[in-house]
Amino acid sequence: MPFFGNLIRRGLRIGEKMGHRQVDPMQLQAHTLRRLLKRAQHTAFGQYYDFKDLLKADALATEFQNKVPIFDYDAMYEHWWHMTLRGVENVSWPGKVKYFALSSGTSGAPSKHIPVSDEMRRAMRHAGLKMFFALTNFDVDPELYTKPMLMLGGSSDLQNQGDYFMGDLSGINASQPPFWLRPYYKPGTEIARIRDWNERINEIARLAPEWDIGFIVGIPSWLQLMIERIIEYHQLDNIHQIWPNLQVCVHGGIAFEPLKKGFEKLFAHPLVYMDTYLASEGFISYQDRPDTRAMRLLVRNGIFFEFIPFNSTNFDEDGQLISHPQALTIGQVQEGVDYALLISTCSGAWRYLIGDTVRFTDKQRWEIIITGRIKHFLSICGEHLSVDNMNQGIQQVEEKLNVNIREFTVGPSVQEGKYVHQWYIGCEPITDSVTVARLLDECLKEVNDDYRTERGSLLHIQVQILPADIFYQWQESKGKMGGQNKFPRVMKGKQLAEWENFVHQKLKTRGIKASIPHSR
Numbered sequence: 001m002p003f004f005g006n007l008i009r010r011g012l013r014i015g016e017k018m019g020h021r022q023v024d025p026m027q028l029q030a031h032t033l034r035r036l037l038k039r040a041q042h043t044a045f046g047q048y049y050d051f052k053d054l055l056k057a058d059a060l061a062t063e064f065q066n067k068v069p070i071f072d073y074d075a076m077y078e079h080w081w082h083m084t085l086r087g088v089e090n091v092s093w094p095g096k097v098k099y100f101a102l103s104s105g106t107s108g109a110p111s112k113h114i115p116v117s118d119e120m121r122r123a124m125r126h127a128g129l130k131m132f133f134a135l136t137n138f139d140v141d142p143e144l145y146t147k148p149m150l151m152l153g154g155s156s157d158l159q160n161q162g163d164y165f166m167g168d169l170s171g172i173n174a175s176q177p178p179f180w181l182r183p184y185y186k187p188g189t190e191i192a193r194i195r196d197w198n199e200r201i202n203e204i205a206r207l208a209p210e211w212d213i214g215f216i217v218g219i220p221s222w223l224q225l226m227i228e229r230i231i232e233y234h235q236l237d238n239i240h241q242i243w244p245n246l247q248v249c250v251h252g253g254i255a256f257e258p259l260k261k262g263f264e265k266l267f268a269h270p271l272v273y274m275d276t277y278l279a280s281e282g283f284i285s286y287q288d289r290p291d292t293r294a295m296r297l298l299v300r301n302g303i304f305f306e307f308i309p310f311n312s313t314n315f316d317e318d319g320q321l322i323s324h325p326q327a328l329t330i331g332q333v334q335e336g337v338d339y340a341l342l343i344s345t346c347s348g349a350w351r352y353l354i355g356d357t358v359r360f361t362d363k364q365r366w367e368i369i370i371t372g373r374i375k376h377f378l379s380i381c382g383e384h385l386s387v388d389n390m391n392q393g394i395q396q397v398e399e400k401l402n403v404n405i406r407e408f409t410v411g412p413s414v415q416e417g418k419y420v421h422q423w424y425i426g427c428e429p430i431t432d433s434v435t436v437a438r439l440l441d442e443c444l445k446e447v448n449d450d451y452r453t454e455r456g457s458l459l460h461i462q463v464q465i466l467p468a469d470i471f472y473q474w475q476e477s478k479g480k481m482g483g484q485n486k487f488p489r490v491m492k493g494k495q496l497a498e499w500e501n502f503v504h505q506k507l508k509t510r511g512i513k514a515s516i517p518h519s520r
């Protein structure tokens, strides 16, 4: 087997080198935009915005930005995608869309129906293969390449709507694994079809000793629950007792660093971690080298990128665009600046505000980190607190108190004329909320100057420490266990009020004293 592992690794290295030949990302993106416009010029969208004439422009990207407005999901659905969902062909992308990814994001809104074209599915498979090539940049045993890969996603038993299928994107991808993955894919198509999360995890736990897993893939919080279930089921000390060759964790969906400390307690030795940015709208980036948390942008994979500076000039405190900003192309961005991401894709999304914010850490390598969501930041009195800031604070608390923080969310409030950040933190073991609040506060003052300024006058911080299972019970009550579902890092308005009621009911039932007053 070592011979075959070395042989596979040599082949992957060749693929990795070919994929990173010296190329200009601006040229690749210009080519991508031209190709997208050509493919879609005869669709209803392409005819409405006259893509045929647009393609004659010398400054194609500039003319594209001048002619085509920015769309969020609601606008794209209201004007175009509602027809795609009814089975109409050639709406915003050629042909008929057979798959729709259900995505409620983390805002609490009703499920979105994101078109997933055949071209997009091919693009995602291509990106997955390139990511597999990139494993050769990491320090892993060659024998790893002969080991199975456990992919934990949504159910592949998609909902048949007659004209189309819909489900979690990970379930759509799992319903037809790429040919190169099929011999290695676990838990297998039969188990992957089980819709009930707990039933599927129990079946994985039962069969786990029969598999010699080398890779695990999924959202870290769900992977952690799965591994804990396996350890409990077989009364193990760590997962390496039955999966001794487990070496790699490919993760995405949420920031991993705040969860890493508790995650690593499940292993006998550290894993190699690869971060990914795979959204329902497309495969955007992946980590292709060690010693960084940044990910390489996929500039030639069916997506044209634009970047809007995420600041108070362009967005209000609710994350809504308040002007008609100049969107930048990849050649115009700067390192260290947060941008709201716009994408135009081979699934018929056009200048689509995906909702995430990113920051370039290395322009030469086209590397980015995800810094948050346009609607998931707090600025009730000018503090401009991002999800990235919050993650840094949580990580500091974990390290200084030697605790495991599984989940958290933050909500804004006004109490007796004072602005308040209310933190709900799922922590093991349960620890003192006053100490956690102090450490959080100290870290946030260090990483965010605006927060430090406002904290000195108007802003207050409150912390409620919760058993972590309360977060999972909330997810289960919403039908959002597993798959690509994530707990929202920021809650506002009706969603926050509903969460507060849920928490206080659970605390009352368990006889736990609330440290945040129930004001709603």
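Last residue of the sequence shown: number 520 in my numbering, and the count goes up by one each step with no gaps.
Cβ coordinates follow ideal geometry from the N, Cα and C atoms, glycine included.
Neighbourhood of residue i by C-beta distance below 7 Å, restricted to the same chain and skipping five residues each side
i: Pro561; result: Here the chain covers residues 1 to 520 and nothing more, so residue 561 does not appear.
i: Asp316; result: Ile322
i: Gly483; result: Gly153, Gly154, Asp168, Ser170, Gly171
i: Asp356; result: Leu341, Ile370, Arg373
i: Asn545; result: Nothing about residue 545 can be read from this structure; the chain reaches only from 1 to 520.
i: Ile354; result: Ala279, Glu281, Leu341, Ile343
i: Gln29; result: Val299, Phe304, Phe305, Thr329, Ile330
i: Met390; result: Val410, Arg489
i: Ile465; result: Ile425, Cys427, Ile430, Thr431, Ser433, Val436
i: Trp222; result: Leu152, Gly482
i: Arg195; result: Ser155, Asp157
Spatial neighbours of residue i in its chain, beta-carbon cut-off 8 Å, leaving aside the 5 residues before and after
i: Met131; result: Val250, Met274, Thr276, Tyr286, Asp288
i: Lys513; result: Leu507
i: Glu454; result: Cys381, Gly382, Glu383, Tyr419
i: Lys445; result: Tyr451, Arg452, Arg455
Burial state of residue i (16 or more Cβ within 10 Å)
i: Gly479; result: exposed
i: Arg59; result: This sequence places Ala at residue 59; Arg is not what is there. Per the 10 Å Cβ criterion, exposed.
i: Glu199; result: exposed
i: Asn402; result: exposed
i: His421; result: buried
i: Thr509; result: exposed
i: His42; result: exposed
i: Phe550; result: Residue 550 lies beyond the residue range present for the chain, which begins at 1 and ends at 520; the question has no answer from this structure.
i: Pro270; result: exposed
i: Ala208; result: buried
i: Gln247; result: buried
i: Met1; result: No answer about Met1 holds up, because its pLDDT of 47 lies below 50 and its placement is not dependable.
i: Tyr48; result: exposed
i: Ala600; result: The requested residue 600 does not occur in the structure, where the chain is confined to residues 1 to 520.
i: Thr32; result: buried
i: Gln392; result: buried
i: Thr84; result: buried
i: Asn311; result: exposed
Residues of its chain near residue i, where Cβ-Cβ distance is below 6 Å and the 5 sequence neighbours each way are ignored
i: Lys265; result: none
i: Ala44; result: Val91
i: Ile303; result: Gly282, Ile343, Thr345
i: Ala174; result: Gly153, Ser156, Ala192
i: Phe319; result: In the sequence as presented, Phe is not what sits at residue 319; that position holds Gly. Only Ile374, Lys375 meet the Cβ criterion.
i: Pro25; result: Val299, Ile330, Trp366
Range covered by the beta strand (DSSP E) that runs through residue i
i: Asn404; result: 404-415
i: Arg296; result: 295-297
i: Ala340; result: 338-345
i: Tyr352; result: 352-362
i: Thr371; result: 367-373
i: Val217; result: 215-218
i: Gly282; result: 282-286
i: Tyr48; result: Where Tyr48 is concerned, there is no enclosing beta strand (DSSP E), although the alpha helix (DSSP H) it sits in stretches over 44-48.
i: Asp74; result: No beta strand (DSSP E) holds Asp74; the alpha helix (DSSP H) holding it covers 73-76.
i: Glu306; result: 303-309
Residue i: first and last residue of the uninterrupted alpha helix (DSSP H) it sits in
i: Gln422; result: It is not in any alpha helix (DSSP H) - Gln422 instead sits in the beta strand (DSSP E) that spans 418-428.
i: Ser477; result: 469-477
i: Thr136; result: Taken as a continuous stretch (DSSP letters only), Thr136 belongs to no alpha helix (DSSP H), as it is neither H nor E.
i: Phe377; result: From DSSP, Phe377 is part of no alpha helix (DSSP H); its letter is neither H nor E.
i: Lys260; result: 257-263
i: Ala40; result: 25-40
i: Asp141; result: That residue, Asp141, is in no alpha helix (DSSP H); it is neither H nor E in DSSP.
Residue i CB to nearest heavy atom of the ligand FMN below 7 Å
i: His376; result: This structure does not include the ligand FMN; it has no bound ligands of any sort.
**Item:** Cβ contact check for the stretch 136-153 and the stretch 66-75: 3 or more pairs under 8 Å
**Value:** Not touching, per the Cβ criterion.
**Request:** Check whether the stretch 449-460 touches the stretch 360-376, counting contact only when three or more Cβ pairs, one atom from each stretch, lie closer than 8 Å.
**Result:** Cβ pair count under 8 Å is below three, so no.
**Message:** Which runs of the alpha helix (DSSP H) at least 4 residues long sit entirely within the stretch 222-248? Give them in chain order.
**Reply:** DSSP runs (the alpha helix (DSSP H)) wholly in the stretch 222-248: none.
**Request:** Could you say if the stretch 235-247 and the stretch 188-206 meet the contact criterion of at least three C-beta pairs nearer than 8 Å?
**Result:** Output reads no: the stretch 188-206 does not touch the stretch 235-247.
**Request:** Output the residue ranges of the beta strand (DSSP E) runs that lie fully inside the stretch 147-194 and measure 3 residues or longer, sorted by chain position.
**Result:** Within the stretch 147-194, the complete beta strand (DSSP E) runs of at least 3 residues are 149-151, 165-167.
**Message:** Which runs of the alpha helix (DSSP H) at least 4 residues long sit entirely within the stretch 429-458? Give them in chain order.
**Reply:** DSSP runs (the alpha helix (DSSP H)) wholly in the stretch 429-458: 433-447, 449-455.
**Request:** Evaluate the contact criterion for the stretch 144-153 versus the stretch 175-185: three or more CB pairs, one atom per stretch, below 8 Å.
**Result:** A contact exists between the stretch 144-153 and the stretch 175-185.
**Message:** For the stretch 330-339 against the stretch 402-411, do three or more pairs of beta-carbon atoms, one drawn from each stretch, fall closer than 8 Å, so that the two count as touching?
**Reply:** The stretch 330-339 is not in contact with the stretch 402-411.
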